[in-house]
Every structure is written in structure tokens, then in C-alpha cells.
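By the count of UniProt numbering, the sequence shown reaches residue 463 at its end, each step adding exactly one.
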Amino acid sequence: MFSKETYIERRKKLKSGVKSGIILITGNPESSTDYPDNTYYFAQDGTFRYYFGIDRADMFGVIDLDNDKDYIFGYDYTISDVIWMGVQPTLKEEAVEFGIEHTGSCEDLKLFLDKNSAKQIHFQPQYRGKNIIALGELLNKTPKDIKNGGSDELCYAVASQRNFKSAEEIEKIEEAVNVTRAMHLKVMQTTKVGMKEYEVVSNIQQVLIANHCTDSFPTICSTNGQTLHNHYYGNTLESGRMLLVDCGAKSAEGYCGDMTTTFPVDAKFTPKQKEIYNVLIDAYDHTESILKAGITYKEVHLSTCAKIVEGLKSLGLIVGNIDEAVKNGVQALFMPHGLGHMMGMDVHDMENFGEVIVGYNGEAKSTQFGLSSLRLGRVLEDGFVFTVEPGIYFIPDLIKKWKDEGTNSEFLNFDKIEEYLDFGGMRYEGDYVIENGKSRRLGLKMPKTVEEVELERAKAYKN
1 MFSKETYIER RKKLKSGVKS GIILITGNPE SSTDYPDNTY YFAQDGTFRY YFGIDRADMF
61 GVIDLDNDKD YIFGYDYTIS DVIWMGVQPT LKEEAVEFGI EHTGSCEDLK LFLDKNSAKQ
121 IHFQPQYRGK NIIALGELLN KTPKDIKNGG SDELCYAVAS QRNFKSAEEI EKIEEAVNVT
181 RAMHLKVMQT TKVGMKEYEV VSNIQQVLIA NHCTDSFPTI CSTNGQTLHN HYYGNTLESG
241 RMLLVDCGAK SAEGYCGDMT TTFPVDAKFT PKQKEIYNVL IDAYDHTESI LKAGITYKEV
301 HLSTCAKIVE GLKSLGLIVG NIDEAVKNGV QALFMPHGLG HMMGMDVHDM ENFGEVIVGY
361 NGEAKSTQFG LSSLRLGRVL EDGFVFTVEP GIYFIPDLIK KWKDEGTNSE FLNFDKIEEY
421 LDFGGMRYEG DYVIENGKSR RLGLKMPKTV EEVELERAKA YKN
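Below, the structure written as C-alpha cells:
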């Protein structure tokens, strides 16, 4: 955690962004697997932890804007809790660590909110069913009212802070990124033909636990890289296939890393794999070369797409004018997702606020297939931390659909494309910060080129 002055200053700044009323920020409850006391590992809400610091369940943070007072409402541990968990700090003791003088029980919170019911109560959009019910009971509203009642004023104010990472936050993010790097190096150096995908995932988990981290999202580890969010780990790694690994570490302080590598199951790429991989890395390098403050990430996305289209055209998969092809969304056949997203205390930072608020600063998103999946489109500014993750995928069902419907047929050589129906897919992802107007990739150097990747893969087959 940071100094209590950091949290005091964060709340002070938030007060200047919301005009009046009560700010009510919900911490997360526990989430049960099969009965109440058997829970998944606890993950605190990023906004609650950003302003109030406490990393335990069932907490509520309150800022009374009109009276300039901050509160924590929750519970103190009972003797029964102590028997099972050992001696724990009181709520008051925890609150003081984060510069908060006023505390109370959840019953006290209900009385406080009833007393202030004439004021506007600002709360963030909810994504946990328990919190929707709890807020409904606290505010005398239906679950539907709560689900649709998040305060845009609060969300914009929070995003205007959390989007801009401080130097101490960037340091913590970089620590998580370096653990993420170690996860990727571990699997690149140990994965062999004949292993199961779940064995690869077990090596990822070993690095996480050894570094006192949890995963920032469920690991994607698949020889079917064309399935973008594939969480099935049962396939056997076969010669001639590639393995796509998308994973990230979340530090004890709550900051995330998120990186993707794709490498051959064998020690070396096949000629066909190498051709596509080089197109991907050329596009990635192009992205890196144009990242800077003042450019919109939508521009970066489209420029990267043009580079991918150019590369695929050189291989005969695309024909015609590159700019016209990109304008018509041809690239979405091969990359139907966006180039990246904000990252911080959430791997997709503040995604629960909505991409229009966080990633577009209120501007409307495109509705074009592919481009509509771009989570970040706004002007890049100093302090922004985000991912860069171009990909090239051959999705048989999507290829068939476009061919049958004649979608962008004037730009696509379907006969050539169909030679890649069993290819799979690949993605390469790194994490970046904008500092002093320029971009910097976070973390220590990662293998990227064909030669660098094959050097790491050789270590797996050394013995």
C-alpha cells in the first residue's frame, strides 16, 4: 500500500470532480464457489481500493461532499472470526492507516443514508449481484434501479484520476509486468511436444505463487489461437502447431500486468508460421514507432491495421488498395478485436464504467465490425498505461461467413486464405506508458523476433 497521504490526496481530488451530495463506493463481497464459506480468492474493487485502501470484503467507502468528511463502513471481526483467522485489526485501526477518521457498521451506513436521502447519492456501476442487492436495500431502490443508476458524474471524475498513473503506481505496475514476463519466459523455456496445455498453465501458476501474485485474469493458453478467449486447457501439444499464451500477474498491491506471446510447439517456426509471425511483429514495431502523446489510439489502431493488411497483401491473401481495404474493415477478418485497453488496478481498467467513459472520454464508438471492439480510442496523454496487442487469426467459421456473403470480396483472395484454415492464430502483446510525451514499454526486455523466440524455445529442447 501507499502512504495514507496518497489516499487522502486522491479523495481530495475526487471531491473537486463531483459537485455535491454523497459519494458511495462499494467494496467487493466474497464470492462463493459452492457454499458461503468456500470462496474464490478475494479480489477487491479497484475503485474502492484506489480511494480507501482496505483490502477485505464487505466494505463501503463514503465521502460526504457537503461536509467534507470521509467514512468507512463495514464490520469488526468477532471472536469466532479470531478463532478461525487469528487476531485481526479493528475497522478503526485499518481506516486510520488510510487517513480516515470516521467509521461505522453497515447498520450505521443505512441510518446515515436515510438521513441524507434528500441528497444525490453517487455510486459506481455494479457488476456483483450481492452489491446490487445490498445497495438496493441501503438506498430503498429496486435491483433494476441500482443496475441502471450508476453516476456518470462520479465515473468521469474517477476515470479522470485513475487513467493518469502516478510514478509510484507505474513502479507497481512495472513490478507486475516483470512477473508477467517471468511467466512467459518460463513457458517458452519449458514447453515441449506431447505436453498438455494444463501442464503449461501449471508452470505459469508456479511463477505467480512464487512471486506472491495472483493472476490478473484467467490465463489463455491454447494451440487454438484463433479462439480469442479460449480457457480450455485439455489439448495435447502437437508438432507443427503454435501455442498462444495470454496471461498476467496481479501484485499484492493490486496492480496488473497483461502480455501475450505466441511460439511454435517445436523448437522452430515453420516457414508458413514465420511468414505470418513476421507480418505480426512488423505491425507491432510500427505501432511502437508511432505511439506518443497527442495521437488518438483509434488512429494508432487503424495505422496498425494498415500495416497488417500490407503484410497480408504481400503474401497474396489481400488484394487492392490498402487504405480502401482498411476503410472497409477488411482487417477485421484477421483481427476482429481492438489493439489495446487501459490497464492499472483492473486489467481492463474501470471496464465496469463503460468504454465510452474510460476509453473514449465521452465520444461515440464506431459500430463497424472489428473497430467496434476497440476499447481505447481517445487521445493518449502522459500517465496513461495501456496494452498493445495486434493479432492475426484464421477463424474458419468467420472466413466461411464472409465468403458466403461476399463481404469485402473485392479485397480478399479466399482461395489463398483457405490454405490457412488450419493455421490457428497468433497475438503479441506488451504494456506501455506515456511519459514526457513519448511511449515506453514497461518491464525488462521480452523476446519478440523469430530469432529471439527460437533462442528461448531451444532451451526447452536442450536436454
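Where is the CB? At the ideal position from N, CA and C, for every residue including glycine.
Asked                                                                                                        : Found
Start and end residues, beta strand (DSSP E) containing LYS438                                               : 438-441
Exposed unless 16 or more other CB atoms sit within 10 angstroms - verdict on MET85                          : exposed
Residue range of the unbroken alpha helix (DSSP H) whose run includes TYR232                                 : No alpha helix (DSSP H) holds TYR232; DSSP gives it neither H nor E.
Buried versus exposed call for ASN140 [16 or more other C-beta atoms within 10 Å across all chains shown]    : exposed
MET343 in three-state terms, based on DSSP                                                                   : coil
Residue(s) in a DSSP beta bridge with VAL245                                                                 : CYS221, THR261
Terminal residues of the alpha helix (DSSP H) in which GLY74 lies                                            : Not the alpha helix (DSSP H): GLY74 falls in the beta strand (DSSP E), residues 69-74.
Buried versus exposed call for ILE83 [16 or more other C-beta atoms within 10 Å across all chains shown]     : exposed
Start-end ranges of the alpha helix (DSSP H) lying completely within the stretch 295-371, minimum 4 residues : 297-314, 322-327, 355-358
Within 8 Å, strictly: CB atoms of GLY329 and GLY370                                                          : yes
Proximity to LEU208 [Cα-Cα], best of LYS298, ASN116, ASN178, ILE25                                           : ASN178
Three-state secondary structure (DSSP) of ASP34                                                              : strand
Boundaries of the beta strand (DSSP E) in which THR387 is found, first to last residue                       : 385-388
C-beta contact flag for GLY443 and GLU174 at 8 Å                                                             : yes
Residue from TYR51, LEU24, HIS212, GLU197 whose Cα sits closest to the Cα of LYS119                          : LEU24
Check whether GLY344 and VAL385 have beta carbons under 8 Å apart                                            : yes
Rounded separation between ASP349 and MET242 - CA only                                                       : 30 Å
Buried/exposed call for THR449, threshold 16 Cβ in 10 Å                                                      : exposed
Exposed unless 16 or more other CB atoms sit within 10 angstroms - verdict on GLU410                         : exposed
C-alpha gap between SER105 and GLY150, whole angstroms                                                       : 23 Å
Bridge partners - GLU435, DSSP secondary structure assignment                                                : LYS438
Three-state secondary structure assigned by DSSP to ILE395                                                   : coil
Residue burial classification, LYS250 (beta-carbon count within 10 angstroms, cutoff 16)                     : buried
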